[in-house]
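In this note's numbering, the protein residues as written are 74 to 173. Glycine included, every Cβ here is placed at the ideal spot set by N, Cα and C.
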Amino acid sequence: MELNKEIRRAVATGKVVIGADESLKTLKRGQAKLVIVASNCRPEVLADVQHYAGLADLPVHTFDGNSEELGLACGKPFLVGVLTIVEEGDSSIISLGARR
74 MELNKEIRRA
84 VATGKVVIGA
94 DESLKTLKRG
104 QAKLVIVASN
114 CRPEVLADVQ
124 HYAGLADLPV
134 HTFDGNSEEL
144 GLACGKPFLV
154 GVLTIVEEGD
164 SSIISLGARR
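(1) Going by beta carbon distance, what residues of the same chain come within less than 7 Å of residue 135, once the five residues before and after it are set aside?
(2) Kindly indicate if chain C contains any beta-carbon less than 9 Å away from that of residue 129.
(3) Pick from 79, 92 and 77: whose alpha carbon is nearest that of residue 151?
(4) From this set, 115, 84, 148 and 132, which residue's C-alpha is nearest residue 105's C-alpha?
(5) Measuring only the C-alpha atoms, how far is residue 148 from residue 128?
(6) DSSP three-state call for residue 122: helix, strand or coil?
(7) Is residue 149 helix, strand or coil when you go by DSSP?
(8) Work out the CA separation of residue 140 and residue 116 for me, nearest whole Å.
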């Protein structure tokens, strides 16, 4: 699986939440299936994401690139530190969770 293509497909055909604050809200509501964090995600944000994902037994995948590269993978012209998959759409991105 080419991760960048699967992220783009999930953004285009599924339901994703972009950004740390909104992702944490989604995690707290129990609506997330997978969380992807940029390699340069702020440590305090990463700790919060891992805490709430752990409570829900959800996988957290570290993207092999910084927030600029994750933003580009999403097709967005801005930095993305945290991306939460709510519905994967036509993407097979949820299979990342099986590899944690």
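Put simply:
(1) 110 and 112
(2) Protein chains in the displayed structure number just one, and chain C is not present.
(3) 92
(4) 132
(5) 30 Å
(6) helix
(7) coil
(8) 13 Å
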